[in-house]
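Chemist: Have a look at this one.
Number of protein chains: 2
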Amino acid sequence: MIRPGSTLGILGGGQLGRMIAMAAAQLGLRTHIFAPEENSPAFDVAGEHTIASYEDEAALVHFAKSVDVVTYEFENVPSATADILSAHAPLAPNAQALAVSQDRFLEKSFISGLGIETAPFAPVENEAELAEALAAIGRPSVLKTRRFGYDGKGQIMIRPGDDPAAAFEAIGRSPAILEGFVSFEREVSVVAARAKDGDFAAYDLCENEHRSHILDITRVPADVRPETEEQAVLIAQKIANALDYVGVLAVELFLVRENGQERLVVNEIAPRVHNSGHWTLGGAETSQFEQHVRAVCGWPLGATARLGRVEMRNLIGHDADEWERILAEPGAHLHLYGKAEARSGRKMGHVTRIFAEKP
Amino acid sequence: MIRPGSTLGILGGGQLGRMIAMAAAQLGLRTHIFAPEENSPAFDVAGEHTIASYEDEAALVHFAKSVDVVTYEFENVPSATADILSAHAPLAPNAQALAVSQDRFLEKSFISGLGIETAPFAPVENEAELAEALAAIGRPSVLKTRRFGYDGKGQIMIRPGDDPAAAFEAIGRSPAILEGFVSFEREVSVVAARAKDGDFAAYDLCENEHRSHILDITRVPADVRPETEEQAVLIAQKIANALDYVGVLAVELFLVRENGQERLVVNEIAPRVHNSGHWTLGGAETSQFEQHVRAVCGWPLGATARLGRVEMRNLIGHDADEWERILAEPGAHLHLYGKAEARSGRKMGHVTRIFAEKP
Numbered sequence: 013m014i015r016p017g018s019t020l021g022i023l024g025g026g027q028l029g030r031m032i033a034m035a036a037a038q039l040g041l042r043t044h045i046f047a048p049e050e051n052s053p054a055f056d057v058a059g060e061h062t063i064a065s066y067e068d069e070a071a072l073v074h075f076a077k078s079v080d081v082v083t084y085e086f087e088n089v090p091s092a093t094a095d096i097l098s099a100h101a102p103l104a105p106n107a108q109a110l111a112v113s114q115d116r117f118l119e120k121s122f123i124s125g126l127g128i129e130t131a132p133f134a135p136v137e138n139e140a141e142l143a144e145a146l147a148a149i150g151r152p153s154v155l156k157t158r159r160f161g162y163d164g165k166g167q168i169m170i171r172p173g174d175d176p177a178a179a180f181e182a183i184g185r186s187p188a189i190l191e192g193f194v195s196f197e198r199e200v201s202v203v204a205a206r207a208k209d210g211d212f213a214a215y216d217l218c219e220n221e222h223r224s225h226i227l228d229i230t231r232v233p234a235d236v237r238p239e240t241e242e243q244a245v246l247i248a249q250k251i252a253n254a255l256d257y258v259g260v261l262a263v264e265l266f267l268v269r270e271n272g273q274e275r276l277v278v279n280e281i282a283p284r285v286h287n288s289g290h291w292t293l294g295g296a297e298t299s300q301f302e303q304h305v306r307a308v309c310g311w312p313l314g315a316t317a318r319l320g321r322v323e324m325r326n327l328i329g330h331d332a333d334e335w336e337r338i339l340a341e342p343g344a345h346l347h348l349y350g351k352a353e354a355r356s357g358r359k360m361g362h363v364t365r366i367f368a369e370k371p
Numbered sequence: 013m014i015r016p017g018s019t020l021g022i023l024g025g026g027q028l029g030r031m032i033a034m035a036a037a038q039l040g041l042r043t044h045i046f047a048p049e050e051n052s053p054a055f056d057v058a059g060e061h062t063i064a065s066y067e068d069e070a071a072l073v074h075f076a077k078s079v080d081v082v083t084y085e086f087e088n089v090p091s092a093t094a095d096i097l098s099a100h101a102p103l104a105p106n107a108q109a110l111a112v113s114q115d116r117f118l119e120k121s122f123i124s125g126l127g128i129e130t131a132p133f134a135p136v137e138n139e140a141e142l143a144e145a146l147a148a149i150g151r152p153s154v155l156k157t158r159r160f161g162y163d164g165k166g167q168i169m170i171r172p173g174d175d176p177a178a179a180f181e182a183i184g185r186s187p188a189i190l191e192g193f194v195s196f197e198r199e200v201s202v203v204a205a206r207a208k209d210g211d212f213a214a215y216d217l218c219e220n221e222h223r224s225h226i227l228d229i230t231r232v233p234a235d236v237r238p239e240t241e242e243q244a245v246l247i248a249q250k251i252a253n254a255l256d257y258v259g260v261l262a263v264e265l266f267l268v269r270e271n272g273q274e275r276l277v278v279n280e281i282a283p284r285v286h287n288s289g290h291w292t293l294g295g296a297e298t299s300q301f302e303q304h305v306r307a308v309c310g311w312p313l314g315a316t317a318r319l320g321r322v323e324m325r326n327l328i329g330h331d332a333d334e335w336e337r338i339l340a341e342p343g344a345h346l347h348l349y350g351k352a353e354a355r356s357g358r359k360m361g362h363v364t365r366i367f368a369e370k371p
């Protein structure tokens, strides 16, 4: 059993790893970060860190042996890495969650296999399959690499008149998936946790606005019907149960409004704490980071109640230069990730504002 | 000017330094802890640490030169140490705050010099002075070492019939102060912050219950009249202004009830974040730790509004063995300090419970 004083190993040294490490410290755990980049933001708040490649078997074994449980902040953990780690320490969430979420085709197949609606999709290995997929799915549709896409990278829209070959070229002729374009009203997400004993707890549904394909603002509660929110949570629970998932996960969904009805279409899942859950840090009884730590340690989940109407805004690139103005704003909670350089598109921090509930 | 990305130096590696370091990290600061003890709890959440004695001049100079501002988690920083540090980096709170608060006689003289009520007191260097002081102040009274007392250590009650010489012996014949015993109804404290520009912000008055001279429970709000609370805050502000104080400070007071009137008597001041302010972590808009970081960096103070009725309970020694039960309790917020050994009397963590305000 994991007890306070044990060591949590975290794969990945970015802001998610950093915030998981701080939550772990609050609960009396030590942390050990494994990341390839020197000066990773998470190193600054961890008792120990290892700088090595995710392919460095000796370093991975040494790391796994030095900790009591391993978790990760990103879904693109190579399966060989996951295998090496789990031979020496419990890995949570499990390797299956990684496998499913790091390949868009597996992911969509898995989700639709559960009877949950996704965009229509088809695998694409070459131009012939792309033509076939386009014929079946129609346009507009979105061609996405099966692996390593995030924040809009590795995807391209194919509209009527566009050249499919050029699109395939644009994504590097990688194994891909063609997805029908979903004409959604808004994007929402469920951030939830599943414990070792199967206990499940979701935060309130939030709605997300993107800017240049990067999350810009999360608002909670989402402006949807209660039965829609209930359905979203059931979808997340179904997915978590099917993966025998342990930890926090996020399910991103499209909200489609047709003939006055609300419909949910799953876009993707993230087997980790999620940017759209940052509002829980200060905005909910238990933050998603603490919740994740509780779950991966086999501890009981915390309360997920919301503390008000919450708005979380990402500070991207030079947005973070506004830190002084934000510090002076009553009720604004500033979180900065300790990144040295405010590169364009780089998540530098976020600010959470909590308002009294609307009557 | 201190900016995110700068380094905050913290003298002392206990739980207070640890929680200051976590608050600093949230605001994008790096931290460097200086402490003599190996395995200090704060090391686990800091980017850098130095293990050296507070008398090690070379180590102190190296430390001060590596940071942008220095603060501390305890008032017994030797004045020579403070002098060395402040020659190489800004020190906040300042050396005067240290000098006044680490000597009970200076402290009481300073406070009563401001026209603020304290217990009657007199300095005691030898038996003759003790006899004189007892004659003037009467019994019961409390003989305390001028320096290095905390959590009831270095003090002894002298009741009618007790042998004064034995009492003086018991505190090691150290330079001392005799204080008249205050027959108080309860102990309250003001935790407040003063910014570089003189801005002042207090948290709501809290009341404190001790067990074996160690803080056991803090409750907020304190059950006192509004005008009493107002007076307590004015006392804290007067003290902070007189010290040109920058940072969070705590003022401990006795509440005396006589003839239906409430009266405040200052017991002591702490030039630092304070155990009776732990409730602000999760219980107030801005925690005392973030507030302290804001102040010592010269940044604007945060909002101090309380988020409900709050109870903070210390986990002393084996109290912390209850961690699993506390984790399972809805609404209980567990904080553990990462200390390996649950020695008796050792502060291992605390738990905060936040309730809806009484109507």
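Sequence lines, in order, name chains L and S. All letters in the first sequence, in the order written, are residues 13 to 371 by our numbering. All letters in the second sequence, in the order written, are residues 13 to 371 by our numbering. Idealized CB from N, CA, C, for every residue including glycine.
Compare the C-beta of W291 (chain S) against all C-beta atoms of chain L and say whether one is closer than 8 Å.
Modeler: Proximity of W291 (chain S) to chain L, defined by a Cβ-Cβ separation below 8 Å, is not satisfied.
Chemist: For the beta strand (DSSP E) containing L276 (chain S), list its first residue and its last residue.
Modeler: 273 to 282 is the span of the beta strand (DSSP E), which, as asked, contains L276 (chain S).
Chemist: Determine which residues share a DSSP beta bridge with L346 (chain L) and list them.
Modeler: L346 (chain L) is bridged to L:V363.
Chemist: Report the rounded CA-to-CA distance for Q303 (chain S) versus M360 (chain S), giving the unit in angstroms.
Modeler: 23 Å
Chemist: Contact criterion: CB-CB distance below 8 Å. Does V82 (chain L) meet it with respect to chain S?
Modeler: no
Chemist: Quick one: does A148 (chain S) have its CB under 8 Å from some CB of chain L?
Modeler: So, not an interface residue.
Chemist: Suppose you measure from the CA of R318 (chain L) to the CA of G343 (chain L); what does that come to, to the nearest Å?
Modeler: If you take the alpha carbons of R318 (chain L) and G343 (chain L), they lie about 16 Å apart.
Chemist: Count the CB pairs spanning the segment 256 to 276 of chain L and the segment 44 to 59 of chain L that are closer than 8 Å, and state whether there are at least three.
Modeler: no
Chemist: Which residues in chain L have a C-beta closer than 7 Å to the C-beta of Q38 (chain S)? List them in chain order.
Modeler: H347
Chemist: Mapping DSSP to helix, strand and coil, what is G21 (chain L)?
Modeler: strand
Chemist: What does the alpha-carbon distance come out to for the pair E242 (chain L) and R284 (chain L)?
Modeler: Computed Cα separation, rounded: 21 Å.
Chemist: Would you kindly work out how many angstroms separate the C-alpha atoms of V82 (chain S) and A145 (chain S), rounded to a whole number?
Modeler: 39 Å
Chemist: Would DSSP call T298 (chain L) helix, strand or coil?
Modeler: coil
Chemist: Any residues in the segment 53 to 71 of chain S with a beta carbon nearer than 8 Å to a beta carbon of chain L? Which ones, in chain order?
Modeler: F55, D56, V57, A58, G59
Chemist: What residue range does the beta strand (DSSP E) around P135 (chain S) cover?
Modeler: 133 to 136
Chemist: Excluding the five sequence neighbours on either side, which residues of its own chain have a C-beta within less than 6 Å of the C-beta of F117 (chain L), listed in chain order?
Modeler: P135, R158, I189
Chemist: Run through DSSP, which three-state label would V82 (chain S) get?
Modeler: strand
Chemist: Could you tell me which uninterrupted beta strand (DSSP E) segments, each at least 3 residues in length, are contained entirely in the segment 114 to 182 of chain S, listed from first to last along the chain?
Modeler: 133 to 136, 153 to 157, 167 to 170
Chemist: Could you check the C-alpha separation between A54 (chain L) and H286 (chain L) for me, to the nearest Å?
Modeler: For the pair A54 (chain L) and H286 (chain L), the Cα-to-Cα distance works out to about 16 Å.
Chemist: Express the C-alpha separation of S113 (chain L) and E87 (chain L) in angstroms, rounding to a whole number.
Modeler: 7 Å
Chemist: Got a sec, what are the start and stop residues for the beta strand (DSSP E) G259 (chain S) sits in?
Modeler: 259 to 270
Chemist: Check whether the Cβ atoms of D333 (chain S) and A354 (chain S) sit closer than 8 Å, and answer yes or no.
Modeler: yes
Chemist: Determine contact between the segment 224 to 232 of chain L and the segment 319 to 328 of chain L, defined as no fewer than three beta-carbon pairs at a distance below 8 Å.
Modeler: Segments in contact, yes.
Chemist: Is the beta carbon of V57 (chain L) less than 8 Å from the beta carbon of A33 (chain L)?
Modeler: yes
Chemist: Which residue comes first and which comes last in the alpha helix (DSSP H) that contains S98 (chain S)?
Modeler: 91 to 98
Chemist: Tell me, please, whether the segment 205 to 218 of chain S touches the segment 254 to 267 of chain S by the rule of three or more beta-carbon pairs shorter than 8 Å.
Modeler: Yes, the segment 205 to 218 of chain S touches the segment 254 to 267 of chain S.
Chemist: Roughly how many angstroms lie between the CA atoms of M31 (chain S) and G29 (chain L), to the nearest whole one?
Modeler: Straight-line Cα distance between these residues: approximately 18 Å.
Chemist: Measure how close the beta-carbons of E421 (chain L) and I22 (chain L) come, nearest whole angstrom, since I'm counting them as under 8 Å.
Modeler: Chain L is shown only over 13 to 371; residue 421 (chain L) falls outside these bounds and no answer can be derived.
Chemist: Considering Cα atoms alone, identify which of L:P16, L:C218, L:D68, L:E129 is closest to T93 (chain L).
Modeler: L:D68
Chemist: What is the DSSP secondary structure of I63 (chain S), counted as helix, strand or coil?
Modeler: strand
Chemist: At the 8 Å Cβ level, is E297 (chain L) part of the contact set with chain S, yes or no?
Modeler: yes
Chemist: Quick check on the DSSP output: what are the complete beta strand (DSSP E) runs of length 3 or more inside the segment 215 to 240 of chain S, in order along the chain?
Modeler: 218 to 223, 226 to 232
Chemist: Quick one: Cα of G17 (chain S) to Cα of A76 (chain S), how far?
Modeler: 16 Å
Chemist: With C-beta atoms as the reference, is L261 (chain S) less than 8 Å away from A282 (chain S)?
Modeler: yes
Chemist: Out of curiosity, what's the CA-to-CA distance linking N220 (chain L) and S288 (chain L)?
Modeler: Looking at the two C-alpha atoms, the distance is approximately 7 Å.
Chemist: Can you tell which of S:K351, S:Y215, S:G125 has the C-alpha that lies nearest to the C-alpha of Q27 (chain S)?
Modeler: S:K351
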